[in-house]
Amino acid sequence: MIWDTLIIGAGPAGLSAALFTRMRRMSTLLLDTAVAGGQLASLYPKKPVHDYPSYTYVMGEDLGKNFVDQANHMGAEIHEREHVTMIRRDDDQNLIRVTSTKEEYEARTVIVATGGGAARSSRRCRSRTSPT
Ligand SMILES: Cc1cc2nc3c(=O)[nH]c(=O)nc-3n(C[C@H](O)[C@H](O)[C@H](O)COP(=O)(O)OP(=O)(O)OC[C@H]3O[C@@H](n4cnc5c(N)ncnc54)[C@H](O)[C@@H]3O)c2cc1C
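With our numbering applied, the sequence shown has no gaps in its numbers, which climb one by one up to 509 at the end.
Right under this line is the structure:
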């Protein structure tokens, strides 16, 4: 299968991109090294997020799950624990080849949404329900 869009990284950016590619009925595959939801799921699931519009505050894990549920609902395919190791253009076939730790994929477009790195914050993440 040649995917219309292959998105590397299923954090908020990748999952948002998937929402809009699916709105345009493009076949969409997301690959994530870890779990879908990005930093919300893997770094601060128990932290309240105060700056997401429409919520007074929402816990990181709940917001991450909402992103994932919406992408699934729209028909995106998500593969977790699949690390992308190489991306290369195939000019002869006019497509992009993406190699992961599990498989090689073919795509018409690739979106790199790998975030700022999965390094843990050096600051302790305090749980609080007020933004100040
Ligand atoms: C402790 C903490 C608290 C924060 N609190 C807030 C807050 O309250 N409000 C706010 O707006 N922002 C907050 N942020 C920042 C926010 O989490 C990030 O801006 C946001 O997660 C960025 O989303 P992203 O999709 O770009 O990247 P990420 O969430 O980092 O997602 C990138 C994804 O790409 C995957 N990936 C990386 N490399 C590969 C690869 N080679 N192959 C496959 N997958 C790969 C990763 O596993 C990850 O899941 C906080 C960050 C931290 C660390």
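Where is the CB? At the ideal position from N, CA and C, for every residue including glycine.
Quick caveat, the model's predicted, so the values are computed rather than measured.
What does the alpha-carbon distance come out to for the pair residue i and residue j?
| i | j | result |
| --- | --- | --- |
| D469 | M400 | 29 Å |
| K424 | S404 | 33 Å |
| P458 | L440 | Per the sequence shown, residue 458 should be read as Arg rather than Pro. Those two C-alpha atoms are separated by around 20 Å. |
| E481 | L472 | 13 Å |
| T478 | T491 | 16 Å |
| L396 | A413 | 14 Å |
| D467 | R485 | 10 Å |
| V426 | A387 | 18 Å |
So is residue i buried or exposed if we call it buried at 16+ other beta carbons inside 10 Å?
| i | result |
| --- | --- |
| V489 | exposed |
| G493 | exposed |
| T398 | buried |
| I379 | exposed |
Answer yes or no: the CB of residue i versus the heavy atoms of ligand 1, is any distance below 7 Å?
| i | result |
| --- | --- |
| D439 | no |
| A453 | no |
| Q447 | no |
| Q416 | yes |
| K442 | no |
| H456 | no |
| T382 | no |
| A395 | no |
| Y432 | no |
| D389 | It should be pointed out that residue 389 corresponds to Pro in this sequence rather than to Asp. Checking every heavy atom of ligand 1 against the Cβ of P389, one is found closer than 7 Å. |
| L420 | yes |
From the DSSP output, read off the bridge partner residues of residue i.
| i | result |
| --- | --- |
| T486 | T382 |
| M436 | P425 |
| H456 | L408 |
| S477 | V461 |
| R539 | Examination of residue 539 is not possible in this model, given that the chain is present from 378 through 509 alone. |
Count the C-beta pairs between the region 383-399 and the region 407-417 that are closer than 8 Å, then say yes if the count reaches three, no if not. yes
Pairs of beta-carbons, one from the region 413-421 and one from the region 458-476, closer than 8 Å: are there three or more? no
For the region 445-452 against the region 428-435, are there 3 or more C-beta pairs whose distance is under 8 Å? no
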